[in-house]
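Structure first, commentary second.
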Amino acid sequence: MAARKTTAPKPPPKECAPCKGTGEVSRTVRVGRKQRNVGQQAGICLACFGTGEATD
Ligand SMILES: [Zn+2]
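Going by this note's numbering, the sequence shown opens with residue 1, and the numbers climb by one from there.
Structure, rendered in structure tokens:
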């Protein structure tokens with residue numbers, strides 16, 4: 001009987017919470033003295049630096 005190797009599957013990398021694993025977060029763009037909200041812009045997630053993986 002051949003010994004069956006059971007290779008444990010690698011646990012998937014933890015998803016970064018702020019960007020949900022995308023590496024990007026949408027940030028609100030505000031302009032003017034009244035800080036008017038003019039929309040959103042995608043920016044690199046500073047929690048994972050764009051990797052989408054939680055670092056711990
Ligand atoms: Zn992130």
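Cβ coordinates follow ideal geometry from the N, Cα and C atoms, glycine included.
By how many angstroms is the C-alpha of residue j removed from the C-alpha of residue i?
i	j	result
Leu46	Thr6	38 Å
Gly32	Cys19	27 Å
Ala3	Lys10	21 Å
Val25	Cys16	11 Å
Gln40	Ala54	23 Å
Lys14	Ala8	17 Å
Arg27	Ala42	6 Å
Asp56	Gly23	16 Å
Quick check on residue i: buried or exposed, where buried means 16 or more other Cβ atoms within 10 Å of its Cβ?
i	result
Val38	exposed
Val29	exposed
Between residue i and residue j, how many whole angstroms is the CB-CB distance? I'm expecting something under 8 Å.
i	j	result
Gly50	Ile44	5 Å
Quick check on residue i: does DSSP put it in helix, strand or coil?
i	result
Gly32	coil
Arg27	strand
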